[in-house]
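A.B. asks: In my numbering, the protein residues as written are 342 to 729.
Before I ask anything, here is the structure I am working with.
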């Protein structure tokens, strides 16, 4: 473990040195009169832009962890960790075991010390945790039967499956959310993009009006009502299974269609909007005056330029698949990440709820970060140069 800590310290030191070097070179504090590949690498505007976005994302994540931590500490920890436990012992022994449990978890200290400990637990540093803990026969102490070294420790469940590691819940539920989310994303892309292109090409004609009617319909109906309508349509009309079954791939189709068809409207709306704007650009008018075929203008020039702002949605959509849809998974009883959040809230499983919120924030921030950087790379019109 000592060797791992040394490696982590070296990695952090290298990262800090890299960021500092990039800042000094990009602002001409060092290597001012040098012109080689090293300076061109560190002085590249995209590198400094990426570092700023990563640091901003890190600050956002830290604030999310702090806010979530304090919100979920409003309730008395004795109610969370001790209620209904050790019922075979006397009230005095239960009180003693509760105090001992809170002390072992560090919950008898002030909130700021608890916050520092929680941040340390979720940072990827090696730490030893107890995964199988029991009380002795007299109820005077805890005995750890099994210990293991882990990098991330979100704690254990307190109500859904007492004593079970929170990380184990993630490994069990995230894959199913990912499978269903990727299926919905494929439907969004392969229906939404062509639909938006055709709506822009045939603006104000019957296909455009029909597409706009669908977009308005989806946008005006509350999401939960829309999901139930699709569920009734898929099960009553098409005879698809109403309950998700991990062993029956056919039962996955309703969830994929529900997620995908809801996203089609948003993608089609933005594709149509960007393409209509591009149709009024000067280069399109010039191409038409030169007799360039309309389909060539559409697919070779307009679509390529209009798709750039939408590039950021693709990596973000892939990453968001890990989160799943809270309502869709709850409606179809999918044992996914979204359903796990609702269950943890209903069962007052605070450690699990806090871990889900933190992981969701990490995924959302990474999705936004990847989308911004992808857009900056894909769109040459984005200026990354500093005022200097």
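Glycine included, C-beta positions come from ideal geometry on N, C-alpha and C.
Keep in mind that this is a model prediction, so the values were computed, not measured.
Given this structure, state the Cα-to-Cα distance separating residue 655 from residue 642, to the nearest angstrom.
C.D. replies: If I take the Cα positions, the gap works out to 20 Å.
A.B. asks: Note down the Cα distance separating residue 658 from residue 531, rounded to an integer number of angstroms.
C.D. replies: Their backbone Cα atoms lie some 13 Å apart in a straight line.
A.B. asks: Is the number of C-beta pairs between the segment 700-708 and the segment 402-412 that are closer than 8 Å three or more?
C.D. replies: Verdict: yes, contact present.
A.B. asks: Is the beta carbon of residue 449 closer than 9 Å to that of residue 456?
C.D. replies: No. Outside cutoff.
A.B. asks: For residue 472, which of helix, strand or coil comes out of DSSP?
C.D. replies: Strand.
A.B. asks: Between the alpha carbons of residue 631 and residue 638, how many angstroms are there, rounded?
C.D. replies: So the alpha carbons of these two residues sit roughly 11 Å apart.
A.B. asks: Are residue 672 and residue 605 close, meaning C-beta to C-beta below 9 Å?
C.D. replies: Not a contact, by the Cβ cut-off of 9 Å.
A.B. asks: What's the gap between the Cα of residue 717 and the Cα of residue 614?
C.D. replies: Approximately 20 Å between the Cα atoms of the pair.
A.B. asks: Quick check for students: name the residue ranges of the alpha helix (DSSP H) that lie wholly in the segment 611-658, counting only runs of 4 or more.
C.D. replies: Counting only runs of 4 or more, we get 623-630 and 644-648.
A.B. asks: Using the Cα positions of residue 384 and residue 714, report the straight-line distance between them to the nearest angstrom.
C.D. replies: Each residue's alpha carbon lies about 17 Å from the other.
A.B. asks: Under a Cβ-count criterion, where at least 16 other Cβ atoms within 10 Å of its own Cβ denotes burial, should residue 610 be classed as buried or exposed?
C.D. replies: Buried is the call here.
A.B. asks: Could you have a look at residue 490 and say whether DSSP puts it in helix, strand or coil?
C.D. replies: Three-state DSSP puts residue 490 in a strand.
A.B. asks: Go ahead and label residue 488 buried or exposed: buried means 16 or more other beta carbons lie within 10 angstroms of its beta carbon, across all protein chains shown.
C.D. replies: By the 10 Å Cβ count, residue 488 comes out exposed.
A.B. asks: Examine the Cβ distances between the segment 591-606 and the segment 618-632 and report whether three or more of them are shorter than 8 Å.
C.D. replies: No: the two stretches stay apart, fewer than three of their Cβ pairs being nearer than 8 Å.
A.B. asks: Curious, which full-length alpha helix (DSSP H) runs of at least 4 residues does the segment 383-447 contain?
C.D. replies: Whole alpha helix (DSSP H) segments, 4+ residues: 386-412, 418-422 and 432-446.
A.B. asks: State the Cα-Cα distance for the pair residue 666 and residue 686, rounded to the nearest angstrom.
C.D. replies: If you take the alpha carbons of residue 666 and residue 686, they lie about 16 Å apart.
A.B. asks: Classify residue 497 as helix, strand or coil using the three-state DSSP reduction.
C.D. replies: In the structure shown, residue 497 sits in a strand (DSSP, three-state: E or B).
A.B. asks: With the cut-off set at 9 Å, would you say residue 752 and residue 662 are in Cβ contact?
C.D. replies: With the chain represented from 342 up to 729, any question about residue 752 goes unanswered, as that position is not in the structure.
A.B. asks: Taking the alpha helix (DSSP H) that residue 687 falls in, what are its first and last residues?
C.D. replies: Segment 678-687, the alpha helix (DSSP H) holding residue 687.
A.B. asks: Let me make sure I understand the geometry here. Which of 464, 389 and 708 has the alpha-carbon closest to that of residue 496?
C.D. replies: The shortest C-alpha separation from residue 496 is found at 464.
A.B. asks: Could you compute how far the alpha carbon of residue 588 sits from the alpha carbon of residue 417?
C.D. replies: Taking the straight line joining both Cα atoms gives about 41 Å.
A.B. asks: Does DSSP put residue 706 in a helix, in a strand, or in coil?
C.D. replies: Residue state, collapsed to three classes: helix.
A.B. asks: Does the Cβ-Cβ distance between residue 612 and residue 712 come in under 9 Å?
C.D. replies: Their beta carbons are not under 9 Å apart, which means residue 612 does not touch residue 712 by this criterion.
A.B. asks: By DSSP's criteria, residue 506 is part of a beta bridge. Which residues make up the other side?
C.D. replies: Its beta-bridge partners are 497.
A.B. asks: Provide the residue span of the alpha helix (DSSP H) that contains residue 546, from first to last.
C.D. replies: Neither: residue 546 is in no alpha helix (DSSP H) and is coded neither H nor E.
A.B. asks: Taking residue 535 as the reference, which of 370, 561, 608 and 351 has the closest Cα?
C.D. replies: Comparing Cα-Cα distances from residue 535 to each of 370, 561, 608 and 351, the minimum goes to 608.
A.B. asks: How about residue 452 and residue 422: do their beta carbons lie closer than 9 Å?
C.D. replies: No, they are not a contact pair.
A.B. asks: With 16 as the cutoff for other CB atoms within 10 Å, does residue 348 come out buried or exposed?
C.D. replies: Classification for residue 348: exposed.
A.B. asks: Does the beta carbon of residue 527 sit closer than 9 Å to a beta carbon anywhere in chain B?
C.D. replies: Although the question refers to chain B, the structure presented lacks it and comprises just one protein chain.
A.B. asks: Could you round the C-beta distance between residue 682 and residue 510 to whole angstroms and report it? I think they count as a contact, below 8 Å.
C.D. replies: That belief does not hold up - the Cβ atoms of residue 682 and residue 510 are roughly 10 Å apart, past 8 Å.
A.B. asks: Name, in chain order, the residues that DSSP records as bridge partners for residue 662.
C.D. replies: Answer by DSSP bridge pairing: none, since residue 662 is not bridged.
A.B. asks: Tell whether a beta-carbon distance below 9 Å holds between residue 696 and residue 578.
C.D. replies: Taking 9 Å as the Cβ cut-off, residue 696 and residue 578 do not qualify as a contacting pair.
A.B. asks: Identify the continuous alpha helix (DSSP H) that holds residue 670 and give its terminal residues.
C.D. replies: Taken as a continuous stretch (DSSP letters only), the alpha helix (DSSP H) holding residue 670 covers 667-672.
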